[in-house]
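Participant:
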Amino acid sequence: SQQGEEDPQALSIQEGENATMNCSYKTSINNLQWYRQNSGRGLVHLILIRSNEREKHSGRLRVTLDTSKKSSSLLITASRAADTASYFCAIAQGAQKLVFGQGTRLTINP
Amino acid sequence: SQTIHQWPATLVQPVGSPLSLECTVEGTSNPNLYWYRQAAGRGLQLLFYSVGIGQISSEVPQNLSASRPQDRQFILSSKKLLLSDSGFYLCAWIGGFQGAPNNSPLHFGNGTRLTVT
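Residue numbers (our numbering), protein chains in the order written: chain W, 2 to 111; chain Y, 923 to 1039.
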């Protein structure tokens, strides 16, 4: 079934560095969404990028989408310790379902 | 503003006992509602979703069931829990009428951590 696959599974960087996470998928999409999950909490929506968009920004977040390569990336610039979390990409499957990947666990070291 | 409530936050239940997890949404009408389960350190597995009262779509054949007795209430149940039912259960909603995952984000509750012993 359609599901995004994040890469890497885990990422550990120093505070202030940039963090890049990737998501690949297999079929055509209407949009791709990125979510964040702090340990033991629910997911929080970050960005939705539509299939006709190539790039979106929100604060220190930058999301790109390459539909020809069926991939998306999430870039967090100037990382902070508070960015430590798991990040998930999600793809709509049909009209009513949202399917999530396995996530990237990001650790920002002070 | 819209809010979503899940309870309880944590639950420890013996194998074979029943389960009832409740999720309610405030501040919106006719939302689509979702139950996901997350195993430790893993991604989310969609269990059930509902587009209206009494309408339940099941994604995974299993020991669990869902009901939507009211517009903004979604309940996850089991008659007899298994060890494999342990996990983090998340309820989510998306705006009603025109809201759908192919054009809108999901809003999640804070989850229920279920441990079956």
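C-beta atoms are modelled at their ideal positions from N, C-alpha and C, and glycine is treated no differently. No experiment lies behind these values; they were computed from the predicted model shown.
Is it the case that the Cβ atoms of R37(W) and Y88(W) are separated by a distance below 7 angstroms?
Facilitator: Their beta carbons are under 7 angstroms apart, which means R37(W) touches Y88(W) by this criterion.
Participant: Can you look up S1006(Y) in the DSSP assignment and give me helix, strand or coil?
Facilitator: Helix.
Participant: Quick check on the DSSP output: the beta strand (DSSP E) that includes D993(Y) runs from which residue to which?
Facilitator: Neither: D993(Y) is in no beta strand (DSSP E) and is coded neither H nor E.
Participant: Please check if any C-beta of chain Y sits within less than 7 angstroms of the C-beta of Q15(W).
Facilitator: Cβ-Cβ to chain Y under 7 angstroms: no for Q15(W).
Participant: Whole angstroms are fine: how far does the CA of P9(W) sit from the CA of S1026(Y)?
Facilitator: So the two alpha carbons sit approximately 26 angstroms from each other.
Participant: Residues of chain W with CB under 8 angstroms from V1090(Y), in chain order?
Facilitator: Outside the displayed span of chain Y (923 to 1039) sits residue 1090(Y), for which this structure offers no information.
Participant: Does DSSP put A79(W) in a helix, in a strand, or in coil?
Facilitator: Looking at A79(W) - three-state DSSP - the assignment turns out to be coil, as it is neither helix nor strand.
Participant: Determine the direct distance from the alpha carbon of A988(Y) to that of L998(Y), and round the result to whole angstroms.
Facilitator: Distance between the alpha carbons of L998(Y) and A988(Y) is about 4 angstroms.
Participant: When the Cα of I926(Y) is compared with those of F1030(Y), T932(Y), T1037(Y) and L1036(Y), which residue comes out closest?
Facilitator: Closest by alpha carbon: F1030(Y).
Participant: Would you kindly work out how many angstroms separate the C-alpha atoms of L986(Y) and E16(W), rounded to a whole number?
Facilitator: Roughly 43 angstroms between the two C-alpha positions.
Participant: Given that R964(Y) touches chain W, what residues does it touch there, using C-beta distances under 7 angstroms?
Facilitator: Going along chain W in sequence order, the residues near R964(Y) (Cβ under 7 angstroms) are Q103.
Participant: Give a yes or no on whether 7 angstroms exceeds the smallest Cβ distance from P936(Y) to chain W.
Facilitator: Answer no: the Cβ-Cβ gap between P936(Y) and chain W never drops below 7 angstroms.
Participant: Between which two residues does the beta strand (DSSP E) containing K1001(Y) stretch?
Facilitator: No beta strand (DSSP E) contains K1001(Y), which DSSP labels as neither H nor E.
Participant: With a 10 Å radius around its C-beta and 16 neighbouring C-beta atoms as the bar for buried, classify I975(Y) as buried or exposed.
Facilitator: By the neighbour-count rule (16 or more Cβ atoms within 10 Å), I975(Y) is not buried but exposed.
Participant: With a CB to CB cut of under 8 angstroms and the five nearest residues on each side skipped, what residues in its chain are close to L1028(Y)?
Facilitator: Once the five neighbours on either side are set aside, the close Cβ partners of L1028(Y) are Y956, A1014, W1015 and I1016.
Participant: Alpha carbon to alpha carbon, what distance is there between A931(Y) and E944(Y)?
Facilitator: So the two alpha carbons sit approximately 11 angstroms from each other.
Participant: On the criterion of 16 or more Cβ atoms from any shown chain inside 10 Å, does S1006(Y) qualify as buried, or is it exposed?
Facilitator: Exposed.
Participant: If we count the other Cβ atoms within 10 Å of its Cβ and call it buried at 16 or more, is R81(W) buried or exposed?
Facilitator: Result: exposed.
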